[in-house]
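This report concerns only the one structure given below.
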Amino acid sequence: MINQPALPTTIVIALIFLTVMIGTAAPASAQQSGTQTKEDGNIETVIVTASRRAVPAAALPTAWSAVDRAALQRIAPQHSNQIFNRVAGSWVSRGNGQESLISLRSPVLTGAGSCGAFMTAQDGISLRSPGFCNVNQLFDANLLQAGKVEVLKGPATVVFGSNALHGIINVLTPTVAQTRNQVRVEAGSRDYYRISASGSFDSIALSAQTARYGGYQDESGYKQQKATLRLDHKWQSWRVAGVLEGSNLDQETAGYIRGFESYKDDDAREENPNPEAYRDAWSARGQLNFTRDWRGAGEIALKPYWRSNSMTFLQHYLPWKATETNQHRSIGLQAMINGRTDRLGWRAGMDVDHTEGSLLETQAEFFSPNQPDGVHYDYEVDANSLGAFTHLDWSITERWRLDAGIRIEETRYDYQNRTNDGPACAPSASACRFYRPASQKDNFNDWTGNLALSHHTANRTVFAKAARGFRAPQTAELYRLQSGQTIADIDSETVDSLELGIRGLAGGLTYDAAAYWMAKEDVIFQDRDRYNVSGAETEHRGLELSLGWIINDVWSLKGNGSYARHRYDSDIELLGSRGTIEGNDIDTSPRHFGSIQLMADFASLGQPLSAELEWLWVAKYWLDPNNQHEYAGHELLNL
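Numbering (our numbering), first residue to last: -9 to 629.
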C-alpha cells in the first residue's frame, strides 16, 4: 500500500540480534550516564531543547518538564499517552492502535492543521516538515528507547519557529555512553508481544524493537518496528553526534462504535464497525551534529539533516471511505553560534529547510454525485523555509537575569495541481465536496520573540515571561479545499503569552508551578460552509503544578496537575456549531487533569526491583462547541 521501503519484522529482528552482539562485545564501562534526576543519581537536571545546548534546567525562565531515561524504562510505554500524562498541562489522548491527539496548554485539537499547533521533534529536528504535519506523528518516534523526553510549554524559545505555538515535545536519543547493553522481552493480553534490544561498542550504539498487538476490538491491532543508530565521535577539533532512525507501522484500525454510551456495553465496545480500515506509515530521519569550541567560552554548531515520511490510510471515519497517500522528503541545516562574557550570554542562528511533498486521495466506489469515485485530490508542494534568530541573557546582578530573543521566518509554498482544476464531481452535482485549486505560490512572513525577567537563589527560581509564537498554514489547509472554495485566503496563526513561574527545592521536596494566559489570533478553522478560513480568536488560561518528594532511599512520590480554561473569544460560524459560541469552552478541553505516582526502588538495598502505583484522572469536558453534550471524565489506576 506504500511505495516507500518498509522495515519488515525480519530486518528489525536482525537488528536486535546485532545489538545483542554489540552489547556482548562492549566494554563493561559502557553504562548509562547523563544529567538526569534522582533516578540516575543526585545529578543536576539539564535541558537541551530551550537553547540547543545543555543548560541547567532549574534556572530556565520558562516552563518545562522532562521524563528521563530511567522513567521511560520503567514505564516501557506501549503508547505515547503513557508518557505525557506525567507532564503538567499535557494530555495525549489515546486513539486506536498507535494513533493519538495532543493537548499541551490547549484543548485536544483536531482537523487538518491542528497538528501545526505543536512542535514534535527528535534532537531538535521536527519529526515531520512543519507544513506537512500529521496529528498522529508521535508514533514515528522511538519513545521506548529514548534518552529523555523534554517538553517546553507555550511559545517558549526562539530557536524554534513555525508550529512551536502551544509547546514543544523533543525526543532526545541516548548517547553511546547512556546506551545499556540489554535485551527485553514483553508479553501482555490480547496477543501483545514486544522484543527490544540495545547495545554499544566504541563510538556506536544501536537500539531496535519490534512489537505486535492483537487489538482490543475485533479484527484490529498493529505490527510496528523501530530502530535507532547513534554515533558519538571526535573528529579533529569537532565533536560529532550522528543519529539515524527509522520506523514502520502496519496497523489494522478499528472504527468508532456507535450509540449513546455504547462504550459501557461489554460486547459493543469490542465490536469493530470498520474491519477494512488500516493505516500504514513509514518514516526515516538522519542528522549529523557538528560542534566545536569557539573563542574559549563560545561554541559553533552545524546540524545538517534529512527526513522521509510516507503514509497510506483508509478514511474509515467518512461514509465514502476514501484512501489517502501522503509523503514528503526534506533536507535542511541548523546553524548556531554562541558566546559568553562575565555577565552576558548570546546566541544567534539560521535554519533552512527544503521539502518536497505530495498528496493523493482516491475513492474506490461511487457514494453520491457529491462524493464520487475516482481522484479527489492529487498535488505536489515544494516548501522552503528560512529562519534567523538571536537571543541574549544578561546577568544584571548575581540573582537577577534578563532574557530576550527574536526570530524572523519566511515560509514559501509552490503548489502544483496534478489533476483537473476545480470540483472533482460531474457538473450536475449540487454540492461537490472536493475542490482542487489551480497551481499557485504562497508565502508567509512571521516573527516570534520572548522577554523574561528571573530571580535566582540557591534553591529557587522565580520568573515572569512574555512571548509570541506562530504557525504558518499547513499545506492541507491551503490546497485541500471543499464545497466550492476556490482559494484559501488564510494567514498564519499567532499566540501572545504571559507567564509567571516558580520552581525550587525544599528539603526532599521539589516543586514547579506556573500560571499562564495566552491569546490566539487568526485561528484557522472550517466554517459552516466547509470553507477553510482564519480570523478566529481563542483564550487560554491555566495553572500548572508539579511536585516530587523523596521520602527515603526506597520510596518517592511524584505528582502533577493542571487547571485551565480554553474558550472561544470571538463569535465565529464554526462547522458543527449553532448560533453564537463566543465565551463557550472549546470542546474536548477538561478543566483539570493530572496524575500521581508512588514509586519504590530497592536498588539501595541491593535488590534489582522497583515498582510503581499510578493514579491519573481527566475531568469532564464538553463534546461540542455549543457546550450541550458532556463526557463525564475518568480515573485510572496503573500498577
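Don't be surprised by glycine CBs; every beta carbon is placed ideally from N, CA and C. Please read these numbers as outputs of a predicted model, since none were measured by experiment.
- Taking C-beta atoms as the reference points, A554 and R581 count as a pair closer than 9 Å.
- With a cutoff of 9 Å on beta-carbon distance, G144 and T52 are scored as near each other.
- The beta carbon of N264 sits closer than 6 Å to the beta carbons of G245 and H306 from its chain, once the five residues preceding and following it are set aside; these are given in chain order.
- Around D561, the same chain offers T570 and E572 as residues with beta carbons nearer than 6 Å, after the five sequence neighbours per side are excluded.
- Judged by DSSP in its simplified three-state form, D130 adopts helix.
- Taken through DSSP and simplified to helix, strand or coil, I73 comes out as helix.
- Take H556, set aside five residues on each side of it, and the residues of its chain with a beta-carbon closer than 6 Å to its own are P97, H530, I576 and S579, in chain order.
- Per DSSP, reduced to three states, the secondary structure at A102 is coil, with no helix or strand assignment.
- Beta-bridge pairing by DSSP links S320 to R297 and T345.
- Counting C-beta pairs closer than 8 Å gives fewer than three between the stretch 350 to 367 and the stretch 326 to 338, which falls short of the contact rule.
- Between C422 and Q127, the alpha-carbon positions lie close to 30 Å from each other.
- Taking 4 residues as the minimum length, the stretch 494 to 539 contains no alpha helix (DSSP H) run wholly inside it.
- Taking each of A442, N360 and T528 in turn and checking the Cα distance to E489, the smallest one comes out for A442.
- In this chain, the beta strand (DSSP E) harbouring I398 covers W390 to N407.
- When the alpha-carbon of H624 is set against those of A609, P615, D614 and N616, the nearest one is in A609.
- Between the C-alpha atoms of A271 and D130 there is a straight-line separation of about 8 Å.
- Excluding residues up to 5 positions away in sequence, L382 and L441 lie with their Cβ nearer than 6 Å to the Cβ of A394 in the same chain.
- Annotated as proximal: D479 and V523, with beta-carbon spacing under 9 Å.
- Judged by their CB atoms, D486 and R458 are nearer to each other than the 9 Å cut-off.
- Residue environment for M340: exposed (fewer than 16 other C-beta atoms within 10 angstroms of its C-beta).
- It is roughly 22 Å from the alpha-carbon of Q207 to the alpha-carbon of T313.
- In the three-state DSSP reduction, A44 falls in the coil class, being neither helix nor strand.
- Between the beta-carbon of S375 and that of D343 there is about 5 Å, and that keeps the pair under the 8 Å contact cut.
- Excluding the 5 residues flanking it on each side, R568 has same chain C-beta neighbours closer than 7 Å at N616, in chain order.
- With contacts defined by Cβ atoms closer than 9 Å, R220 and V230 do not form a contacting pair.
- According to DSSP, H156 shares a beta bridge with no other residue.
- For L62, the enclosing alpha helix (DSSP H) stretches over residues R59 to I65.
- Put simply, the backbone Cα of G276 is about 35 Å away from that of L308.
- Of W225, D192 and R184, the smallest CA-CA separation from Y212 is found for R184.
- Under the 8 Å Cβ criterion, the stretch 253 to 264 does not count as touching the stretch 95 to 110, having fewer than three qualifying pairs.
- For the set I159, T438, I541 and S119, the Cα lying nearest the Cα of S70 is the one of I159.
- Per DSSP, Y212 is one residue of the beta strand (DSSP E) stretching across G211 to W225.
- For W310, no pairing in a beta bridge is given by DSSP.
- Residue pairing of K455 in beta bridges, as defined by DSSP: A442 and E489.
- Here T281 is not near H318, since their CB atoms are 9 Å or more apart.
- In chain order, S585 and L606 place their CB closer than 6 Å to the CB of N75, counting only its own chain and leaving out the 5 sequence neighbours on each side.
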